[in-house]
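Participant:
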Ligand code: IVH
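Residue numbers (the numbering used here): 5 to 673.
#1: Going by beta-carbon coordinates alone, are residue 393 and residue 351 separated by less than 8 Å?
#2: Going by DSSP, what residues sit across from residue 434 in a beta bridge?
#3: Using 7 Å as the cut-off, classify the Cβ of residue 532 as near or not near the heavy atoms of the ligand IVH, replying yes or no.
#4: Relative to the ligand IVH, is the shortest distance from any of its heavy atoms to the C-beta of residue 212 smaller than 7 Å?
#5: Is the separation between the beta-carbon of residue 182 and that of residue 253 shorter than 8 Å?
#6: Determine the direct distance from the alpha carbon of residue 672 to that of residue 467, and round the result to whole angstroms.
#7: Relative to the C-alpha of residue 67, which residue among 474, 45, 102 is closest?
#8: Find out if the Cβ-Cβ distance for the pair residue 537, residue 586 is shorter than 8 Å.
#9: On the three-pair Cβ rule with 8 Å, is the segment 433 to 451 touching the segment 322 to 337?
#10: Quick check on DSSP: helix, strand or coil for residue 30?
#11: Can you grab the Cα-Cα spacing for the pair residue 142 / residue 79, in whole Å?
#12: What is the rounded straight-line gap between the Cα of residue 134 and the Cα of residue 163?
#13: Can you tell me the Cα-Cα spacing of residue 448 and residue 356, whole angstroms?
#14: Counting only runs of 4+ residues fully inside the segment 188 to 243, write out the alpha helix (DSSP H) ranges in chain order.
#15: Considering Cα atoms alone, identify which of 176, 322, 204 is closest to residue 256.
#16: In this structure, how does DSSP classify residue 384 when only helix, strand and coil are distinguished?
#17: Could you check what DSSP says for residue 112 in three-state terms: helix, strand or coil?
#18: Assuming residue 351 is part of the beta strand (DSSP E), what are its boundary residues?
#19: Does the segment 463 to 479 come close enough to the segment 413 to 428 that 3 or more CB-CB pairs lie under 8 Å?
#20: DSSP three-state label for residue 573, please.
#21: May I have the straight-line CA-CA distance separating residue 359 from residue 425, to the nearest angstrom?
#22: What is the C-beta distance between residue 173 and residue 232, in whole angstroms, given that I count them as a contact (C-beta under 8 Å)?
#23: Measuring only the C-alpha atoms, how far is residue 158 from residue 25?
#24: Am I right that residue 285 and residue 121 are in contact with their C-beta atoms under 8 Å? What's the rounded C-beta distance?
#25: Where residue 339 and residue 427 are concerned, what is the direct C-alpha to C-alpha distance, given to the nearest angstrom?
#26: Flag residue 315 as yes when its Cβ comes closer than 7 Å to any non-hydrogen atom of the ligand IVH, and as no otherwise.
#27: Counting C-beta neighbours from all protein chains within 10 Å, is the total for residue 375 16 or more, i.e. buried, or is it exposed?
#28: Which residue wins for smallest C-alpha separation from residue 179, given the options 400, 153, 547, 502?
#29: How would you write the range of the alpha helix (DSSP H) that residue 293 sits in, first residue to last?
#30: Taking the beta strand (DSSP E) that residue 18 falls in, what are its first and last residues?
#31: Measuring straight from C-alpha to C-alpha, what distance separates residue 105 and residue 266?
#32: If you run the structure through DSSP and keep just helix, strand and coil, what is residue 476?
#33: Does the ligand IVH have a heavy atom nearer than 7 Å to the CB of residue 281?
#34: Using the Cα positions of residue 260 and residue 269, report the straight-line distance between them to the nearest angstrom.
#35: According to the neighbour-count rule (16 or more other Cβ atoms, all chains shown, within 10 Å of its Cβ), is residue 230 buried or exposed?
#36: Count Cβ pairs between the segment 105 to 119 and the segment 57 to 67 that sit closer than 8 Å; are there 3 or more?
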């Protein structure tokens with residue numbers, strides 16, 4: 005075949021495959037058999053392989069992904085990815101409509117009702133009809149570039165079908181893991197003894213962040229698109245543009261309705277509240293959007309979200325099932341958590357077998373008894389919870405739960421600190437799950453950053469090779485090699501990683517030793533204030549509580565920690581091993597000057613700190629706050645809903661835009 009003919013054949017094959025793909029994955033109306041599809045694909049793969057000059061990043065062959073490990077680069081969204089304000093009652097929806105009528109009294113407003121998909125938000129940008137980039141929501145200002153993984157999602161067009169698309173536009177939607185495939189995936193993982201995904205959303209998010217797109221390609225993700233953005237869209241309303249996007253080849257949700265008044269909106273809500281259980285994927289509510297772009301523009305935005313849209317969230321789904329028994333788990337700090345074993349029941353797309361019972365008060369309050377029929381609900385948390393009991397069907401012989409009085413692991417008598425809901429096992433240094441948990445905490449990335457798996461810690465403790473975290477420093481290579489699954493190389497790596505941890509700065513060590521209530525931030529504050537472990541040990545209650553943000557609860561816990569001889573022994577072992585137990589002078593200097601003279605401009609709203617707190621931090625670390633953008637500005641610290649004109653200006657001046665998390669990293673590194 006001549007080169008010209010090869011090129012033609014490649015183009016024909018690509019067009020055919022794109023089209024069959026669309027018919028199969030978007031329309032669910034396949035025209036050819038899987039076998040025929042595979043034949044065409046194989047022919048194309050062969051031709052592309054032997055004629056690399058005709059390669060194309062958006063060829064259907066690219067959907068199989070590859071084994072290259074990819075890091076996800078952060079990309080700033082062209083249009084910030086806003087969130088919606090939530091509402092939980094029809095009154096709030098009625099208020100929403102009243103507010104709109106007040107602002108636009110003379111207009112007749114059309115609303116578009118859609119389902120609120122519970123997946124992972126994604127922004128797809130197209131240029132010249134081809135997919136260019138796929139970015140996750142991230143913090144709304146910037147997200148991860150996950151283009152290679154997204155290309156493997158078959159319902160996302162890599163090339164658009166018709167020609168009438170704008171040269172540049174973005175389309176947003178939700179990446180979903182359908183229930184059926186989710187259940188299958190978890191079953192597979194269970195038989196491979198891999199950790200299970202808690203729900204389809206986590207599975208979708210986890211899959212999207214996989215580093216090998218070839219593995220992503222094997223997971224049947226789907227994507228529904230619900231929002232078109234761009235400067236030259238074809239129509240002046242949301243609804244029409246969505247229908248248009250459907251013609252371009254996007255999978256636009258079929259369950260979408262134009263409503264003229266509030267009653268029609270309520271009808272849509274009621275219908276889907278009961279029908280959602282029949283959908284192949286999770287939804288958690290309904291989204292109501294004003295249809296006309298002109299009206300949207302007139303309504304504008306609040307600090308956080310558009311005034312022209314609102315989400316109505318459904319109440320969490322419930323299921324009724326039998327409580328078979330209660331297990332008691334011992335956490336790292338010795339806290340006891342009762343866990344219910346349930347007769348397996350289907351709830352919001354997954355099978356629930358266990359539920360958290362929180363603490364003994366909760367059991368008493370709800371009067372939950374073994375063999376009761378209980379209602380389980382999935383809230384935002386990963387583990388479902390029991391929210392009530394059907395007392396009408398309780399058999400008379402069922403008696404109240406007698407809460408355990410001794411630790412299920414080491415049999416020590418449990419204690420309950422006044423004012424706290426949980427029982428604790430006080431045998432900190434002798435109770436196996438507490439020992440393991442504390443060591444696992446000690447090696448965490450944000451603590452000593454020692455690269456060992458949970459199973460390794462368990463094995464080291466079970467084989468009596470270590471009894472506390474400080475024992476890690478006296479492990480020999482032979483000790484490690486004596487464990488299953490360790491070979492020369494992995495043992496060397498672990499030894500090296502332990503050695504490296506001796507350089508971890510003192511504030512991380514203070515966090516690592518696991519004093520109750522001393523989290524990462526508290527550890528840092530105390531470390532910089534008191535400078536060494538010995539000073540902290542000798543500090544009085546008054547000295548400790550004088551430190552900003554340290555209350556009596558934390559102070560008492562610190563004092564308690566140092567009263568325990570076993571803890572003091574650990575500290576001495578750490579000292580002998582050469583672990584950092586004080587702040588180095590140069591570290592103090594560095595901390596104060598980390599942002600040395602750099603000027604920042606803050607814009608938008610932030611999740612973790614207020615703007616004033618951020619300004620304070622900038623100054624604390626030697627940076628400067630400025631109020632207007634100039635060529636001298638070093639960074640824009642951007643939160644949510646930053647004004648488009650500001651964004652444009654910094655882009656023009658090539659000023660780097662950083663998120664709150666980036667900023668925190670800058671001062672922490
Ligand atoms: S529209 C400004 N439509 O909900 C409008 N969002 O809280 C922004 N979501 O991050 C989004 N279904 O992940 C829109 N039909 C739908 C949606 C939807 C789910 C998610 C989306 C967004 C979040 C907003």
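Built from N, CA and C at the ideal position, the CB exists for glycine as well.
Facilitator: In brief:
#1: no
#2: Paired residue(s): none; residue 434 is not in a bridge.
#3: No, since every heavy atom of the ligand IVH falls outside the 7 Å radius drawn around the Cβ of residue 532.
#4: It does not: the Cβ of residue 212 is nowhere closer than 7 Å to a heavy atom of the ligand IVH.
#5: Taking 8 Å as the Cβ cut-off, residue 182 and residue 253 do not qualify as a contacting pair.
#6: 37 Å
#7: 45
#8: yes
#9: yes
#10: helix
#11: Cα-Cα distance, rounded: 9 Å.
#12: Taking the straight line joining both Cα atoms gives about 5 Å.
#13: 30 Å
#14: 204 to 212, 217 to 221
#15: 176
#16: Caution applies to residue 384, whose pLDDT of 48 falls short of 50 and renders its modelled position unreliable; the value that the coordinates give is listed next. Reduced to three states, the DSSP call for residue 384 is coil.
#17: coil
#18: 340 to 351
#19: no
#20: Shown here, residue 573 sits in a helix according to DSSP, grouped into three states.
#21: 18 Å
#22: 6 Å
#23: 7 Å
#24: Contact between residue 285 and residue 121 holds, with the beta-carbon distance rounding to 7 Å and staying under 8 Å.
#25: 6 Å
#26: yes
#27: exposed
#28: 153
#29: No alpha helix (DSSP H) holds residue 293; the beta strand (DSSP E) holding it covers 287 to 294.
#30: It is not in any beta strand (DSSP E) - residue 18 instead sits in the alpha helix (DSSP H) that spans 7 to 25.
#31: 12 Å
#32: helix
#33: no
#34: 11 Å
#35: buried
#36: no
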